[in-house]
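The structure under discussion appears below in the form of structure tokens.
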Amino acid sequence: METRHIAEELHLRFAAVRRRQDVAAILTGSAFAGTVFLLALLAALLLEDLFSLDVATRTTAFWALCACAVCLTAWYIIRPAGRLAGILPGASDHTTAAAIGRAIPALHDRLVNGWELATDETVESFSSRDLLDASLEDLRRTIDGMDFGSTVTFGRSRRMGTFLAVTASAAVLLFVLFPTSFFGAADRLLHYNEAFASPAPFRFIVDPGDKEVVKGETVPLLVRIEGDIPDRIMLAIRPSGQESADERELLRGSDGTFHAEFASLKSTLQYELHARGVHSSLYTLTVRDRPAIRSLRVLLTPPAYTRLPERTQDDNIGDVTALRGTQIRCSIESTKDLRDAAVVFSDSITMPMAVTGRRAAASFTLLKERTYHLVLHDSEGTSSVDPVEYRIQIVPDAYPTVAIPVPGMNLDVTDNTSLDMVIKAGDDYGFSRLVLRYRLVQSLYEKAGEEFTEVPIPIPAGTGTDAVIPYRWDLRNLHLVPEDMVSYNAEVFDNDVVSGPKSAISETFTLRLPSLDEVFADVEKQHDAGVDRMTEALRQAEEARKDLDDVRREMQQNQQKLGWEEKAKTSQALKKYEEARTAMDEVQRKVEQMTAEMQKNNVLSRETLEKYEELQRLMDQLAGPEFAEMMKKLQEAMQQMSPEAMKQALQQFSFSEENFRKSIERTLNLLKRIHIEQKMDEAVRRADEMLKRQEALQEQTKQASQSNPDEMQKLAQEQRELEKNAAALEKEVAGLKSAMEEFPSEMPLADMEQASRELEQSGLEQQMEDIARDLQQMQARPASDRQQRAAGAMKNVGKQLRQAQDALRQNQQRQVLNAMRRAMQDILDLSGKEEALKKETEGLDPNSQQFRDNASEQMNVLRDLQSVTQNMSGLSQKTFSVTPEMGKSLGDAMRAMSEAMAGLDTRNRAVASERQEEAMGSLNEAAQQIQGAMDAMAQGGGQGQGMAGLMQRLQRMAAQQQGINDGTKNSGGMTPAQAAAMARLAGEEGIVRKSLEQLAKEAAASGELSKLLGDLNRTAQEMREVQTDLAGGNLTPETTKKEERILSRLLDAQRSTRERDFENERRSTAGKTVVQPSPGAIDLTSQEGRNRLRRDLQKALEEGYTRDYDELIKRYFEVLEQYEAGSGQPPR
Amino acid sequence: MRNARPFIVVCLLFPALAGAQAQATSSAFGITRVKYAGGGDWYNDPSSEVNLLRFVQQTTGIQTDARYRFADIAGDEIFSSPFLFITGHGNITLTNEEIRRLRTYLDNGGFLYVDDDYGLDKPFRREIRKVFPDQDLVELPFSFGLYHCQFEFPAGPPKTHEHNGKPPQGFGLFRNGRLVLYYTYETNPSDGWADPEVHHDPEEKRLEALRFGTNIVVWALTH
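These protein sequence lines map, in sequence, to chains A and B.
So in this note's numbering, spot 336 of the first sequence is number 343, and the numbers just go up one at a time.
So in this note's numbering, spot 166 of the second sequence is number 189, and the numbers just go up one at a time.
Structure below.
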């Protein structure tokens, strides 16, 4: 090859090596420049961070860094790049060849030499061509296959790259670790021309900083300090709406942190921390409200059966106390819009509420007791907290109550058709059913029932929670026979449909149909006990009288001295009287009880009943207030130990005591007589009852089926019971006859004998025995025939007994009337004698000897009067018509006669004649009273006309009193005219008073006083006071009150007798609404002109015919009217 | 219209009373209890009319003289009263003179209200037949104005007191188309007018009775 060619080849190969060298230089230069720049930057930042360089230094540093960067880039990057790009001159081929020769030891200088030979133009001048060529050829062969590029390595570049990477990593690390410092420093360096304050020596790291919290939440505050940790820092808090902040100090904890707590935040606040002039940022804790219940309303709908209205509880009252089954509706309004709400019960059941905006509601039924609370979530999901736990309590629906206040006791019924009862039931919400339950518990003929039979009792519509239900129990279905006993009670069911009706049963009572024997035996027992007790009382009174007689006698013997012994005896006597009084009270009660029982059992005739009532009244007066007063006075005299007072008291007591004893005796005798009448009533009743039962048995026997042995046996048994009754009747009649024999003159012994004989001859017992046997042998027909005969015999016996009963009454009345008539005649005779004596006495000369004769005559009259009194006393043992008032009048007459006698003895004409006049007056009064009693007897029973008359007069008096009262009220101040009016009223009051006193007197005389309620004498006394007030013009409110009392008593006095008449019927029972159809429309035209006949009748009546004729005309027209109406016969 | 009723009643009242009360000292309306013979307690429950009159004044505005007044039919006082009242238990008897006077009273504008307090029915019917032999008492239909004139009584007379468990009835007697006598049987409103402590009636019963009594008064005064 030519030398030229070799040089070109080398040149090319040298250029490739140079390019490679430039690339390596760029890479290495870049890594180096980067490393240096980074180190310089870090150094600058470090300086800035540490020393907070001022603006000039920072500017210098900044620009130095920039210059550094430019230089490094220019030198280490741009320059090799310029060479690579061919812009800048690179190394020469020679240099390159030398560098290659150094890199390849095998070549060493050969390549430089070769390059010089190839390129030196002068070589040919000193060497041969060939040699040159051969040398070059040799060189060429040597370098052929050699890679000159490998002489350039990138090892340095890699090392520099490693430096750069390390430096960059260190820088990144520093920035990560101290971002604030390095970034701050970088920031300040970038803004080299701006002045920066010196950074704080520390800074606050605050947790939580800004935060949203729920109202009431407690927020902990943690402050960490970065930098120089101060010993204490201040926390400034500014609640929302507050101008100034509240500060407090926070102390450093052992770990260098600071803690605080924002407790139960209520409102939004801002806070910051500061220490040593360093302030943290201003943070905000934003408080958000929780949803809460603004209002709660609970609506209670009680179960329908209670008929109670809906009830809304007071606002915000969630506790519920209601009946089981009550529907509870809870409605709430929240403070915030709600997302959901629920009722949470204590038994873990949750019930969602229907939500609308801020409102929510839920309904549930009260079935058990528990508690509940409400949970709310607002639209942001914040839940309510601290819910109120409400209690649900069940008010128990009480059990109903039922009672049977009427009759309210076990009782014997006399009427086996019905029993009137009152059932009182109560329940808190009403009833659904009421039944009467009964069962037979005792019977002579049937087995006792085990199960109760129920009779539904209708509950009137509209009955509320308390019902008083009158019910008439029809006993006929029970087919009671004497001595059957039924127990019964009432069961009521309430209307609780939620828990099921509850029932209650009343107290169980028994109902018994007593046999007549029992009733009679009971009455007899009470009568005997009464008689015994009364006999005992009489004995005690007798003994007491003897004691007092002893005292009187001993006092006389001891010259009127009152010793211890007398005192003891008196005391003992008083005690005996007291015991006697108590005994009489007991007897009175017994008689009352006995009468009531007999009346109830309808075994007394009206006449006997009236006598028993009279007897009770008599017993009422037996030991009246007068006797008690006398006893009291005697007691006081005894205490005083004054012989004089004692003597006087004994004297006064003597009369009352005698009255008391005689009254007991009289009562006893009357009781015995009434008892005979009662026994007679009993016998009649028993005979009637037997007849009724016998006829009923006969009817049953006729209808009985002969093939039914049980029925026939039952009839036989009943017939035997009747047989026993027949025996009892026989015994009773015999006993009655014997009792009557004690009073042979008054009793119809012959009639009784006849009745007794009839009974014996009838052979009733035997007949009934035969009937019973026939029935047992199933022979109904003969039995029925015998029953008919037995019934006939019974009829006869009853008739005889009734005859005897009538005879008894007539006998008694006749005898009493005769005796009274005699007594009245005697009294009138005595009155006539007394009058004559009085006239004679009036005309006597004071020295006349006639005084003695007159005294003697007066003595005779007195003796006769004593005899009459004795007779009256005897009569009083037989009849009630002899009243205590008659006794008093006779007693007054006797006393006046005694005094008249004393007057005659002392020749005191005036006194004697005055007393004789008094005696005459008393005798006339007694005669009048006897006449009144006789009239009353003649009119039948002592009531009737007399009472009606009294009533009319009382009515008149009440009207007069009303007029006086009105007059008094109308008078105001006292003008002369009014004073005169008052005087007139006083006069009227006086008239009314006198009328009343007279009335009271008459009522007492006719035995009617006790029937008038109220104390007429006391009323008269008040009238007297009113009269005085009116007469004196002394009109006070008290006067008016007295007047009102007087009127009221006058009205009451009348009412009392009326109430007596109606006491069994009048009831103030509130009415129950009755639904009924309306009556038809009325036609007024036909109303008035309808009946021509009646108009004619009226005309006829107005003609003024006599009463009898009036009646006849009325009757005629009535028949005519019936005929015209088509329902009667034509009048004849 | 109902509110205007008391006013109308008062307007009508004055002419009605003008003749009847010529002798009265006051124009106020009063009730006169009739005192009768025979034994019935004509005087029972004297507080009845007093309470009714007070109630009438309160509820209708009619001026009343709330006093207990009574008079004999035989006396002239009855002609001073536009409204007589008979009640009681038991018997009532009228003399021929009383029958004549009562007929005159009723035929000349008077009004008689009779309330059977128990037991008065038979004797009263007997006696009133003597007063008006040509007329019967007729039971008033429930549509009759008396039951509606002031307070509504769609089912006729109320049952104030139980007597014999029968339905309450109101009977009337007409003269020249005018109701001159009204008689209540088995209802006994006048007991309901009495002071509460007398019969211990429930308050609603008393109120009902007083309302019914007001209707009788209003009807009597306006017809």
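Ideal Cβ placement from N, Cα and C applies to all residues, glycine included.
Checking the DSSP bridge columns, you'll see A:Gln277 partnered with A:Arg245 and A:Thr291. For the C-beta of B:Phe165, the chain A residues within less than 8 Å are, from N- to C-terminus, Ser1085 and Pro1086. Counting of Cβ neighbours within 10 angstroms places A:Leu258 among the exposed residues, the total staying below 16. Taking C-alpha positions only, A:Ser905 is separated from A:Met927 by approximately 13 Å. Within chain A, the residues placing a beta-carbon under 7 Å from that of B:Gly179 are Ser1085, ordered along the chain. By alpha-carbon distance to B:Arg90, the top candidate from B:Asp64, B:Phe102, B:Thr110 and B:Ile54 is B:Ile54.
By the 16-neighbour rule on beta-carbons within 10 angstroms, A:Arg398 is exposed.
When A:Ile13, A:Thr264, A:Thr35 and A:Asp238 are compared, the shortest CA-CA separation from A:Ala141 is found for A:Ile13. The three-state reading of DSSP puts A:Val183 in helix, counting H, G and I together. Between A:Ala919 and A:Gly910, the beta carbon gap of about 3 Å places them in contact (Cβ cut-off 8 Å). Per DSSP, reduced to three states, the secondary structure at A:Leu487 is coil, with no helix or strand assignment.
Secondary structure note for A:Phe858: it is in no beta strand (DSSP E), and the uninterrupted alpha helix (DSSP H) holding it is Gln857 to Ser883.
When beta bridges are read from the DSSP output, A:Lys218 appears opposite A:Leu292.
Using a C-beta cut-off of 8 Å, the stretch 361-372 of chain A makes contact with the stretch 332-349 of chain A, since at least three inter-stretch Cβ pairs fall below that distance. Excluding the 5 residues flanking it on each side, A:Glu684 has same chain C-beta neighbours closer than 6 Å at Thr615, in chain order. Judged by DSSP in its simplified three-state form, A:Glu340 adopts strand. With a threshold of 8 Å between beta carbons, B:Asp99 makes no contact with chain A. Within the same chain, and ignoring the five residues on either side of B:Tyr59 in sequence, the residues whose Cβ sits closer than 6 Å to its Cβ are Trp65 and Ile115. Taking every protein chain shown into account, the CB of A:Gly1040 has fewer than 16 other CB atoms within 10 angstroms, so this residue is exposed. Residue-level contact check: A:Gly248 does not touch chain B, since none of the beta carbons of chain B fall below 8 Å from its beta carbon. A Cβ-Cβ separation of about 7 Å places A:Glu739 in contact with A:Arg693 under the 8 Å criterion. Only those residues of the stretch 208-241 of chain B whose C-beta falls short of 8 Å from the nearest C-beta of chain A are listed: Thr210, Asn211, Asp214, Val221, His222, His223, Asp224, Pro225 and Lys228.
In the three-state DSSP reduction, A:Ile466 falls in the coil class, being neither helix nor strand. Proximity to A:Leu824 across A:Ala38, A:Leu34, A:Ser888 and A:Ala790 peaks at A:Ser888, based on C-alpha coordinates.
Judged by their CB atoms, A:Val230 and A:Thr264 are nearer to each other than the 8 Å cut-off. Uninterrupted alpha helix (DSSP H) stretches at least 4 residues long and entirely within the stretch 613-685 of chain A occur at 613-629 and 632-647, given in chain order.
With a cut-off of 8 Å on Cβ pairs, the stretch 289-299 of chain A is in contact with the stretch 217-225 of chain A, counting three or more such pairs. Close partners of A:Ala943 in chain B (Cβ separation under 7 Å) are lacking, with about 17 Å as the shortest Cβ gap.
In this structure, DSSP gives A:Asn972 a helical state, which the three-state scheme calls helix.
Non-local C-beta neighbours of A:Asp781 in its own chain, meaning closer than 7 Å and more than five positions away in sequence, comprise Pro789, Ala790 and Arg793, ordered along the chain. Separation of the CB atoms of A:Gly97 and A:Arg90 is rounded to 5 Å, and the pair is thereby assigned contact status at 8 Å. With its beta carbon less than 8 Å from one in chain A, B:Lys182 belongs to the interface. Cβ proximity to chain A below 7 Å picks out Tyr141 and Gly142 from the stretch 115-143 of chain B. The C-alpha of A:Leu837 is placed about 6 Å away from the C-alpha of A:Val868. For A:Ala1077, the closest Cβ of chain B is nearer than 8 Å. In this structure the stretch 314-331 of chain A does not lie against the stretch 348-356 of chain A, because fewer than three pairs of beta carbons, one per stretch, are closer than 8 Å.
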